[in-house]
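Down below is the structure, laid out as structure tokens.
2 protein chains.
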Amino acid sequence: MSERNEKFFTVDPKLVKSLRELVVEKIREGIVSGYFEEGEHLKERELSSMMGISTTPIKEAFRILENEGMLVTVPRKGTFVSEYASTSIEEILLLRASVESLCARLAAVKMNDEELQELEKLVLIMEGLHKKGDSEALLEQNSRFHQLIIDSTRNVMMQNILGNLRNIDKAFRKRALKVEVEREKGFHEHRAVFEAIKQRNPEQAEQLMKDHILRTKDNILAAEARLEGDRQS
Amino acid sequence: MSERNEKFFTVDPKLVKSLRELVVEKIREGIVSGYFEEGEHLKERELSSMMGISTTPIKEAFRILENEGMLVTVPRKGTFVSEYASTSIEEILLLRASVESLCARLAAVKMNDEELQELEKLVLIMEGLHKKGDSEALLEQNSRFHQLIIDSTRNVMMQNILGNLRNIDKAFRKRALKVEVEREKGFHEHRAVFEAIKQRNPEQAEQLMKDHILRTKDNILAAEARLEGDRQS
DNA sequence: AACTATACTCTGATATATCAGATATCATAT
DNA sequence: ATATGATATCTGATATATCAGAGTATAGTT
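So the sequences go chain by chain: A and B. Per the working numbering, the very first residue in the first sequence carries number 208; after that it's consecutive. Per the working numbering, the very first residue in the second sequence carries number 208; after that it's consecutive.
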């Protein structure tokens with residue numbers, strides 16, 4: 208037993224999804240996809256009978272989504288789809304650039320050797336995928352790269368904020384577009400961020416991360432504009 | 208009726224506090240004040256009997272606090288005080304500087320004339336208080352100043368993030384310190400931020416706001432260090 | 001003494017019931 | 001015809017009941 212990788216045969220209880228989680232995802236999707244309109248009144252009982260469950264998990268989901276900014280609850284009135292729920296992709300990415308570059312700065316100071324090693328390993332893997340041109344797998348490792356840096360700050364608040372942003376981003380993408388392939392280009396930027404963290408250079412890490420996300424932002428917006436243009440012609 | 212200020216005699220339903228809100232505040236305080244330890248298991252039924260209410264509002268409060276990062280819920284295990292709930296004041300302020308400076312940038316673009324006028328009026332009021340040296344009142348207007356800028360972005364996500372940060376900040380302050388007087392010095396910085404927004408200069412507004420918050424951060428940390436020093440000697 | 005199986009208990013997850021504010025309807029009075 | 005009051009209904013807020021997983025203690029077997 209001792210030589211085996213013990214992590215292999217464990218189960219993470221966090222993978223269990225409660226009804227509440229399912230409801231959260233369903234409503235979030237509903238909002239982002241346009242199934243629910245801005246300002247629409249979401250009724251606990253109505254949703255509960257639609258979904259065939261009781262109101263309790265709905266209630267809890269409301270509180271989560273409210274905290275995320277997707278819903279607004281007015282006491283004794285009800286819960287409504289936030290008027291500004293459809294924050295522009297641009298602002299979401301600006302926010303991400305802002306918070307995540309701060310993470311990179313903190314990571315350059317706080318990341319321990321073990322984490323640094325893992326990050327290095329990841330960069331090597333990404334290099335391989337980059338050379339192979341396997342952008343599907345690269346994409347997945349990319350988000351692991353970002354997550355590692357975020358987690359190394361050991362700052363729950365930032366983890367939560369970025370987690371929320373990612374959720375929304377993800378929901379958006381479903382209907383939006385897949386310029387993700389673009390990100391293959393980002394490989395060199397990732398490597399640079401890693402180097403800055405390794406050198407324990409917070410300013411540089413922050414700046415590089417910011418530039419990286421802002422550049423992908425511009426690309427995403429450009430791609431979206433192009434799509435929009437195609438639709439017109 | 209027409210000449211009267213109609214806003215005067217309205218009631219904002221949002222001022223009604225539900226049990227859930229009270230529970231949120233109570234638990235947040237409990238965590239920040241150290242009444243609850245990190246990692247402590249918070250039990251719905253226990254809290255409900257302690258507080259003399261049912262478990263439903265407790266449940267909802269849990270979900271809000273979880274989303275804020277104060278609590279962690281493990282499915283089928285329970286809800287626990289986040290191990291890293293006590294994020295340092297420094298990181299909270301770094302985060303605030305980061306997000307709120309982005310708000311200032313957006314405000315310089317998105318703020319409408321009406322809001323701009325209100326901001327200008329506020330700056331004049333603040334100037335008066337500054338000259339009078341009424342730092343109590345100035346403090347209140349200061350936070351209104353920040354709030355106006357945040358709201359003008361019409362970005363719920365940022366509003367929520369900064370709302371959360373403020374809550375936590377507030378809870379911290381209770382046990383922490385009142386270097387708030389310091390902020391009287393910040394008046395000129397506020398005016399500068401306002402000018403940049405008025406000039407529709409996003410870069411400058413962002414930079415000035417960032418500098419402003421980072422400076423107050425340094426002052427707060429210095430004051431805390433001083434306090435710490437006093438305690439030692 | 002050690003191991004196992006069963007019962008008991010704790011607790012979160014979910015469902016249901018109750019209460020109270022908000023809104024709409026309608027009738028009645030002026 | 002309009003204003004006021006009574007009533008019904010919708011819905012969120014809260015309370016309570018039920019269910020099921022997880023842990024623990026206990027008793028029985030070898």
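From the three backbone atoms N, C-alpha and C, an ideal C-beta is built for every residue, glycine too.
Is residue i close to chain A, meaning its C-beta is less than 9 Å from at least one C-beta of that chain?
{"i": "threonine 423 of chain B", "result": "no"}
{"i": "serine 308 of chain B", "result": "yes"}
{"i": "leucine 313 of chain B", "result": "yes"}
{"i": "valine 218 of chain B", "result": "no"}
{"i": "arginine 227 of chain B", "result": "yes"}
{"i": "alanine 383 of chain B", "result": "For alanine 383 of chain B, the predicted model reports a pLDDT of 44, less than 50, meaning its position is unreliable; a value from the coordinates is still stated below. By this cut-off, alanine 383 of chain B is not an interface position."}
{"i": "lysine 221 of chain B", "result": "yes"}
Does any CB atom of chain B fall closer than 9 Å to the CB of residue i?
{"i": "serine 289 of chain A", "result": "yes"}
{"i": "glutamine 411 of chain A", "result": "no"}
{"i": "glutamate 406 of chain A", "result": "Correcting the residue identity first, residue 406 of chain A is glutamine in this sequence and not glutamate. No, glutamine 406 of chain A lies away from the interface with chain B (no Cβ there is under 9 Å from its Cβ)."}
{"i": "arginine 252 of chain A", "result": "no"}
{"i": "glutamate 275 of chain A", "result": "yes"}
{"i": "isoleucine 265 of chain A", "result": "no"}
{"i": "lysine 224 of chain A", "result": "yes"}
{"i": "isoleucine 271 of chain A", "result": "yes"}
{"i": "valine 281 of chain A", "result": "yes"}
{"i": "lysine 338 of chain A", "result": "no"}
Considering only DSSP beta bridges, list what residue i is partnered with.
{"i": "leucine 249 of chain B", "result": "B:Thr286"}
{"i": "leucine 278 of chain A", "result": "A:Val288"}
Please state the DSSP three-state secondary structure of residue i.
{"i": "lysine 381 of chain A", "result": "Any reading at lysine 381 of chain A must be qualified, since the residue scores a pLDDT of 49, below 50, and its modelled position is unreliable; the value itself is stated next. In the structure shown, lysine 381 of chain A sits in a helix (DSSP, three-state: H, G or I)."}
{"i": "phenylalanine 401 of chain B", "result": "helix"}
{"i": "aspartate 425 of chain B", "result": "helix"}
{"i": "methionine 318 of chain B", "result": "coil"}
{"i": "phenylalanine 243 of chain A", "result": "coil"}
{"i": "leucine 434 of chain A", "result": "helix"}
{"i": "aspartate 341 of chain B", "result": "coil"}
{"i": "glycine 335 of chain A", "result": "helix"}
{"i": "aspartate 376 of chain B", "result": "helix"}
{"i": "glycine 237 of chain A", "result": "helix"}
{"i": "arginine 361 of chain A", "result": "coil"}
{"i": "lysine 224 of chain B", "result": "coil"}
{"i": "aspartate 219 of chain B", "result": "coil"}
{"i": "glycine 393 of chain B", "result": "helix"}
{"i": "asparagine 349 of chain B", "result": "helix"}
{"i": "isoleucine 420 of chain A", "result": "helix"}
{"i": "glycine 370 of chain A", "result": "helix"}
{"i": "threonine 263 of chain B", "result": "helix"}
{"i": "glutamine 406 of chain B", "result": "coil"}
{"i": "serine 295 of chain A", "result": "coil"}
Quiz prompt | Residues, ordered as in the chain, of the stretch 292-305 of chain A that lie near chain B by beta-carbon distance below 9 Å | solution = Ala292, Thr294, Ser295, Glu298, Ile299, Leu301, Leu302, Ala304 and Ser305
Review point. For the stretch 354-375 of chain A, which residues have a beta carbon sitting closer than 9 Å to at least one beta carbon of chain B?
Key: Thr360, Arg361, Asn362, Val363, Met364, Met365, Gln366, Asn367, Ile368, Asn371, Leu372 and Ile375
Inset, instruction - Answer yes if the stretch 284-299 of chain B comes into contact with the stretch 361-369 of chain A, meaning at least three C-beta pairs across the two stretches below 8 Å, and no otherwise. - result: Here the stretch 361-369 of chain A makes contact with the stretch 284-299 of chain B; the two share three or more CB pairs at distances below 8 Å.
Is the number of C-beta pairs between the stretch 329-344 of chain A and the stretch 427-436 of chain A that are closer than 8 Å three or more? Touching, no, given that fewer than three Cβ pairs across the two stretches are closer than 8 Å.
Between the stretch 258-271 of chain A and the stretch 229-238 of chain A, do at least 3 Cβ pairs fall closer than 8 Å? yes
- Query: With contact counted as at least three CB pairs below 8 Å, one residue from each stretch, are the stretch 234-247 of chain B and the stretch 233-249 of chain A in contact?
  - Reply: no
Pair every Cβ in the stretch 353-361 of chain B with every Cβ in the stretch 278-287 of chain A, then say whether three or more of these pairs are closer than 8 Å. no
Validate contact between the stretch 305-312 of chain A and the stretch 410-420 of chain A using beta carbons, cut 8 Å, 3 pairs: These segments touch.
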